[in-house]
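Heads up: the sequence shown begins at 1 in this note's numbering, then just goes up one per residue.
Down below is the structure, laid out as structure tokens.
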Amino acid sequence: MTKKKGKIIKNVILIVVVYALITILLKGGMLNRQYRSLLVPIGVNIMLAVSLNLVTGFLGELSLGHACFMSIGAYTSSLTSIYLVHSLPTPIGFAISLLVGGIVAAVFGLLIGIPVLRLNGDYLAIVTLAFGEIVKSVINVIGITGGAKGLSKIPLRSDYNNYTLVFILTVLTIVFIVNFVHSRDGRAITAIRDNEIATESIGIKVSTYKIKAFVIAAFFAGVAGCVYAHNVGIIKPQTFDYNKSIEILVIVVLGGMGSVTGSVIAAIVLTILPEFLRGADNLRMLLYAVVLILIMIFNHSKIKEGLLNNKTTRKLLGKGEV
Numbered sequence: 001m002t003k004k005k006g007k008i009i010k011n012v013i014l015i016v017v018v019y020a021l022i023t024i025l026l027k028g029g030m031l032n033r034q035y036r037s038l039l040v041p042i043g044v045n046i047m048l049a050v051s052l053n054l055v056t057g058f059l060g061e062l063s064l065g066h067a068c069f070m071s072i073g074a075y076t077s078s079l080t081s082i083y084l085v086h087s088l089p090t091p092i093g094f095a096i097s098l099l100v101g102g103i104v105a106a107v108f109g110l111l112i113g114i115p116v117l118r119l120n121g122d123y124l125a126i127v128t129l130a131f132g133e134i135v136k137s138v139i140n141v142i143g144i145t146g147g148a149k150g151l152s153k154i155p156l157r158s159d160y161n162n163y164t165l166v167f168i169l170t171v172l173t174i175v176f177i178v179n180f181v182h183s184r185d186g187r188a189i190t191a192i193r194d195n196e197i198a199t200e201s202i203g204i205k206v207s208t209y210k211i212k213a214f215v216i217a218a219f220f221a222g223v224a225g226c227v228y229a230h231n232v233g234i235i236k237p238q239t240f241d242y243n244k245s246i247e248i249l250v251i252v253v254l255g256g257m258g259s260v261t262g263s264v265i266a267a268i269v270l271t272i273l274p275e276f277l278r279g280a281d282n283l284r285m286l287l288y289a290v291v292l293i294l295i296m297i298f299n300h301s302k303i304k305e306g307l308l309n310n311k312t313t314r315k316l317l318g319k320g321e322v
């Protein structure tokens, strides 16, 4: 119990320090407009990567439709803000839109998960990818969503794109996923990943736990979509195509499958990197690709293994850190 309390205190201190550091950088004018504008995308990408890691990393199922749930959350929350809660005070209206976006995305996750999660490997990846394209096509032809032109007039108030709000939502997402992974349900999910047949043979309902992980991941993808939509003010179907799903998957893979800490770090690095390399003009994508390759090499090198086995590193991260 003492160790658990110590770990909680350490994590709380870390959260406070990170928040204080961001605040100091902003208030002190040490972040220019270019990097200030990345605070919300960083939070969104962390939420997307951590939630996808639950399915891909901890459950061991390859999903290529995560951007689809993001789009569902983005559009439903935006329509809620525009037509239903525009007259309410900003915090209440946004909270309702946020919940609506997350819940609707979770419902779609449930409806898709029931038939789709009977598949495995490449088949699951193809079906989730196809579903994402179907949703994008439907959004393109529905009038209320703005079609291919996009949905505009999404309320853009300071409270919506405030870094404090995004920081809180990001932390809540991480805390929920980490606690879920360490729970009884989380242990069942990792057992399914390690050996599905053996897990089913001891009486664990594999399909139930698969759907549960899929629904939770869809919910947080919807929340991320809501935050994204209310930050940019206009959303288009093309934003949520298969390229976005691949981008999220790349973050998860580079951060390490089944590593929440890795997903957070990779999301931060891969969100900042394109902006950092913007001055390189035509070489930007080449340098970006080289950095990705170097990260992958590092992830499978003895250097990383040595760092993780280092006593100081283990003390900082803690044993069994997800």
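C-beta atoms are modelled at their ideal positions from N, C-alpha and C, and glycine is treated no differently.
- Take the alpha-carbon of LEU283 and the one of VAL171: they are about 35 Å apart.
- In this structure the stretch 261 to 270 does not touch the stretch 107 to 118; the number of beta carbon pairs closer than 8 Å is below three.
- When only Cα atoms are considered, ILE42 and VAL141 end up about 31 Å apart.
- By the criterion of at least three beta-carbon pairs nearer than 8 Å, the stretch 213 to 227 is in contact with the stretch 89 to 108.
- In this structure the stretch 61 to 68 does not lie against the stretch 27 to 44, because fewer than three pairs of beta carbons, one per stretch, are closer than 8 Å.
- Bounds of the alpha helix (DSSP H) holding PHE176 are 163 to 182.
- Cα atoms of GLY93 and ALA224: separation of roughly 17 Å, rounded to the nearest angstrom.
- Look at ILE202 here: in three-state DSSP terms it is coil, with no helix or strand label.
- Between LYS153 and ILE82, the C-beta gap is smaller than 8 Å, which places the two residues in contact.
- Across the set ILE272, LEU249, GLU275, LEU287, the C-alpha of LEU249 shows the shortest separation from the C-alpha of SER63.
- Taking ALA125 as the centre and dropping the five residues before and after it, the same chain places the C-beta of LEU62, LEU64 closer than 6 Å to its C-beta, in chain order.
- For LEU117, the number of other beta carbons within 10 angstroms of its own is at least 16, and it is reported as buried.
- In this structure, DSSP gives LEU117 a state outside helix and strand, which the three-state scheme calls coil.
- Residue pairing of ILE235 in beta bridges, as defined by DSSP: LEU151.
- Rounded to the nearest whole angstrom, the CA to CA distance from ILE174 to GLY143 is 36 Å.
- Comparing alpha-carbon positions, the option among ILE272, PRO237, MET30 lying closest to VAL135 turns out to be PRO237.
- Sixteen is the threshold: since fewer than 16 other Cβ atoms of the shown chains lie within 10 Å of the Cβ of ALA289, the residue is exposed.
- Comparing alpha-carbon positions, the option among ILE293, THR76, CYS226 lying closest to GLY255 turns out to be ILE293.
- Of the residues assessed, PHE298 falls on the exposed side of the cut-off, its CB having fewer than 16 other CB atoms within 10 angstroms.
- Contact between the stretch 192 to 208 and the stretch 93 to 102 is absent: fewer than 3 CB-CB pairs across the two stretches fall below 8 Å.
- Leaving aside the five residues that flank LEU156 on each side, the residues in its chain whose CB is nearer than 6 Å to its CB run, in chain order, GLY233.
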